[in-house]
Amino acid sequence: MSEEIVIDTQELGEKIVKVLKTIYDPEIPVDIYELGLIYDVFVNEDNDVKILMTLTSPNCPVAETLPVEVEEKVKSLDVLNDVEVEITFDPPWTQDLMSEEAKLELGLL
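Going by UniProt numbering, the first residue of the sequence shown is number 1, and it counts up by one from there.
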């Protein structure tokens, strides 16, 4: 009989955020989470994850690779079932979405 490990979705969300904080926009020395590129992280009871994110611009040089990197790194968490990354430009990214930490890092405060 296999023992199922139950992890609550909030704890799982925090683990996902930790992973997201290891991914950087190549043009900006701040991780994508602090940059405000992650709009939402949904986790359901089956441990399927959907990440809604944006890019700094539609013609961002990493438009092809960044979502794949996000998906692969988040999938590396063993407890997850499926990971889907959706890109949106609504609303478009602006510097206002950056955390205080990111703004400090980039000298915008």
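From the three backbone atoms N, C-alpha and C, an ideal C-beta is built for every residue, glycine too.
Is it true that the stretch 82-96 meets the stretch 42-61, where meeting means three or more beta-carbon pairs spaced less than 8 Å apart?
yes
According to DSSP, simplified to helix, strand and coil, what is D31?
strand
Considering only the alpha carbon of each residue, which of V43, V30, P91 lies closest to L12?
V43
Does the beta-carbon of A102 have 16 or more other beta-carbons within 10 angstroms, so that it is buried, or is it exposed?
buried
Inter-stretch contact (C-beta, 8 Å, three-pair minimum) for the stretch 62-78 and the stretch 88-100:
no
Kindly indicate the opening and closing residues of the beta strand (DSSP E) around I16.
Segment 9-20 is the alpha helix (DSSP H) holding I16; no beta strand (DSSP E) there.
Three-way DSSP call (helix, strand, coil) for D48 in this model:
strand
Measure the alpha-carbon distance for P91 versus V41 and round it to whole angstroms.
16 Å
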